[in-house]
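Visitor: Structure incoming, see below.
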Amino acid sequence: ERYKRYEKVEKLIKNRMELYLVEVQTAEGSNFSRFSLNQRLGDIKSKNHAEDGAFSYAPKGSSAITITPGDVARLDPEEFLNDTLIDFYMKYLSDTTKRGKKTIHFFSSFFFTKLQDTRTYSDVETWTKGVDIFEKEYLMIPINSSLHWSLAIVCFPGKLLRNSRSSKKELKYQPCILYLDSLNYRGNFSTGGAKLLRYYLTE
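Read in our numbering, the sequence shown has 190 at position 190, and its numbers run on one by one without any break.
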């Protein structure tokens, strides 16, 4: 019975996430790839760039991100994406998708690393200053481990504030953590990462 319950929850969440991804693809014109990211950077660079080749991206109500030629070079095959590129794309999605800022919060690429290093809520408490993460439907948390990027998605965090024994009518809002990894390696996150995020959310 419990298995069927969570299977239903997973399906409902997957459907909602697919709707969001459709919006992202519509805004992008294609799925996320190094090529599409390079296109977006090229569009922004043509509008705002410095003499040294660097350029910045500053969505409304957000601090600017400076992208250097060295960052762009990391989009080449067999190169590793860095925090600047990840943060840029997170801000870009937040700024250009209809549901971005209203229902989704994109964390900094440094957030999880800081939380993992200190394991103390007070050290990351101000990272969401001015944002009520429990009013969001999804929290997007980029994770870097051994030069590899993955993504944790906290679904319906606001439901954590309610009684855990929700009625069947509220089943579709069951909070959970999704972990997306292109290498399909969940070991470290399942044993420590998920627990760390639960600690952060319950403090």
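The beta-carbon is built from N, C-alpha and C at its ideal position, and this holds for glycine as well.
Quick one: residues in its chain with C-beta nearer than 6 Å to the C-beta of Val154, no 5 flanking neighbours on either side, listed in chain order?
Guide: To locate residue 154, count along the sequence shown from 1; it is residue 154. Taken in chain order, the residues that qualify are Leu139, Ile177.
Visitor: For Phe111, tell me which candidate among Ser63, Ile141, Lys195 has the shortest Cα-Cα distance.
Guide: The sequence position of residue 111 within the sequence shown is 111, counting from 1. Residue Ile141 is the option with its Cα nearest to Phe111.
Visitor: CB Asn144 to CB Ile67, shorter than 9 Å?
Guide: For this step, residue 144 is matched to residue 144 along the sequence shown. For this step, residue 67 is matched to residue 67 along the sequence shown. Their beta carbons are not under 9 Å apart, which means Asn144 does not touch Ile67 by this criterion.
Visitor: Run the CB neighbour count on Lys91, radius 10 Å, all protein chains shown included, and call it buried at 16 or more, exposed below.
Guide: Residue mapping note: residue 91 aligns to position 91 of the sequence shown, counting from 1. Its Cβ being crowded by 16 or more others within 10 Å, Lys91 is buried.
Visitor: For Lys101 and Glu79, what's the separation of their Cα atoms in angstroms?
Guide: Walking along the sequence shown from the start, residue 101 turns up at place 101. Walking along the sequence shown from the start, residue 79 turns up at place 79. Taking the straight line from one Cα to the other gives about 30 Å.
Visitor: Grouping DSSP H, G and I as helix and E and B as strand, with all else coil, what is Pro142?
Guide: Taking the sequence shown and counting its residues from 1, the one referred to as residue 142 is at position 142. The answer is strand: DSSP assigns Pro142 an E or B state.
Visitor: Measure the C-alpha to C-alpha separation of Ala152 and Leu180 and round it to an integer number of angstroms.
Guide: To locate residue 152, count along the sequence shown from 1; it is residue 152. To locate residue 180, count along the sequence shown from 1; it is residue 180. Their Cα atoms are separated by approximately 6 Å.
Visitor: I need the straight-line Cα distance from Ser56 to Ser108, nearest angstrom please.
Guide: In the sequence shown, counting from the first residue as 1, residue 56 sits at position 56. In the sequence shown, counting from the first residue as 1, residue 108 sits at position 108. Cα to Cα, Ser56 sits roughly 17 Å from Ser108.
Visitor: In whole angstroms, give me the CA-to-CA distance for Gly130 and His105.
Guide: By one-based count along the sequence shown, residue 130 stands at place 130. By one-based count along the sequence shown, residue 105 stands at place 105. Gly130 and His105: Cα-Cα distance of roughly 12 Å.
Visitor: Please classify Pro175 as buried or exposed, where buried requires at least 16 neighbouring CB atoms within 10 angstroms.
Guide: Here residue 175 is taken as the residue at index 175 of the sequence shown, counted from 1. So Pro175 ends up on the buried side.
Visitor: Name the residue from Ser63, Thr113, Asp83 whose alpha carbon lies nearest to the alpha carbon of Val72.
Guide: Along the sequence shown, read from residue 1 onward, the residue named residue 72 stands at position 72. For the residues Ser63, Thr113, Asp83, the minimum Cα distance to Val72 belongs to Asp83.
Visitor: Kindly indicate the opening and closing residues of the beta strand (DSSP E) around Tyr57.
Guide: Here residue 57 is taken as the residue at index 57 of the sequence shown, counted from 1. 55–57 is the extent of the beta strand (DSSP E) around Tyr57.
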